[in-house]
Amino acid sequence: MAITLKKCGIEDLADLQAIGIETFTDTFAAHNTPEDMQAYLDKAYDPEKLKAELSVEGSTFYFLYDGEELAGYMKINVEAALTGKMDADSLEVERIYIRPGFKRRGLGKYLIDKAIESARAQAKELIWLGVWEHNVNAIAFYEKMGFVHTGSHSFFMGEDEQTDFIMTKKLG
Numbered sequence: 001m002a003i004t005l006k007k008c009g010i011e012d013l014a015d016l017q018a019i020g021i022e023t024f025t026d027t028f029a030a031h032n033t034p035e036d037m038q039a040y041l042d043k044a045y046d047p048e049k050l051k052a053e054l055s056v057e058g059s060t061f062y063f064l065y066d067g068e069e070l071a072g073y074m075k076i077n078v079e080a081a082l083t084g085k086m087d088a089d090s091l092e093v094e095r096i097y098i099r100p101g102f103k104r105r106g107l108g109k110y111l112i113d114k115a116i117e118s119a120r121a122q123a124k125e126l127i128w129l130g131v132w133e134h135n136v137n138a139i140a141f142y143e144k145m146g147f148v149h150t151g152s153h154s155f156f157m158g159e160d161e162q163t164d165f166i167m168t169k170k171l172g
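For the sequence shown, the positions run 1 to 172 when UniProt numbering is used.
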């Protein structure tokens, strides 16, 4: 099957909301209370919030297809759209998720490679992301991709304050 990437637009709002809720729930529901999960999902994947995010300059969502099937998605940010205190010469991978039935097929690597390609095309010197400190599989994956733990920040899952590791990769 062919792997393809498609830039998302407003017309993709319903699919973006659905895959966002599905993949976030798959990744984090077992580790959080139902109340905190629901509060986060209601806020992060609210259609009006997603619609606003889709129109932010410097922020881009992509759908990942395996053949005709929607397999995952990614959100990258540059410049004013960066969510952390990083230099403008960086690209942030804010969200990167693969649907449960598509994991372990190299699709996460494909998305990271595309993010790196985008960063290089924009002459960025660094790519970075935040990952929950207890998401050991994701941390191991990012380390394998050449990222290193360089800091941390708070992430709120509903009312629960959690710690995300900041992981960075210098491009050269």
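We treat Cβ as the ideally placed atom computed from N, Cα and C, and that holds for glycine.
Helix, strand or coil at Gly151 according to DSSP, with G and I counted as helix: The DSSP-derived three-state label of Gly151 is strand.
Cβ separation of Lys124 and Phe147, assumed to be a contact under 8 angstroms, to the nearest whole Å: Not really, about 14 angstroms apart at Cβ, beyond 8 angstroms.
Glu79 beta carbon less than 7 angstroms from that of Gly108: No.
7 angstroms Cβ cutoff met for Leu91 and Ala121: At a Cβ-Cβ threshold of 7 angstroms, Leu91 and Ala121 do not count as neighbours.
Enclosing beta strand (DSSP E) for Arg95 [first to last residue]: Unbroken beta strand (DSSP E) run through Arg95: 90-98.
Bounding residues of the beta strand (DSSP E) (the contiguous stretch that carries Phe63): Run containing Phe63: 59-66, per the beta strand (DSSP E) assignment.
Ile127: first and last residue of the uninterrupted beta strand (DSSP E) it sits in: From DSSP, the beta strand (DSSP E) with Ile127 extends over 126-132.
Asp122 in three-state terms, based on DSSP: Looking at the sequence provided, one finds Gln at residue 122 rather than Asp. Here Gln122 sits in coil by DSSP.
Contact the segment 137-147 vs the segment 15-26: 3+ CB pairs below 8 angstroms: At 8 angstroms Cβ cutoff, the stretches do not touch.
Chain-order list of residues whose beta-carbon lies under 6 angstroms from that of Met145 (same chain, five-residue window excluded): Hits under 6 angstroms: Ile112.
Proximal residues to Cys8 (C-beta, below 7 angstroms), its chain only, five neighbours per side dropped: If we look at Cys8 and ignore the five residues flanking it on each side, its Cβ neighbours are Leu16, Leu54, Phe61, Tyr62, Phe63.
Of the residues Thr150, Ala29, Ala30, Lys6, the one placed nearest Glu68, counting alpha carbons only: Restricting attention to Thr150, Ala29, Ala30, Lys6, the CA atom closest to the CA of Glu68 is found in Lys6.
Where the alpha helix (DSSP H) containing Phe141 begins and where it ends: Element bounds for Phe141: 136-144.
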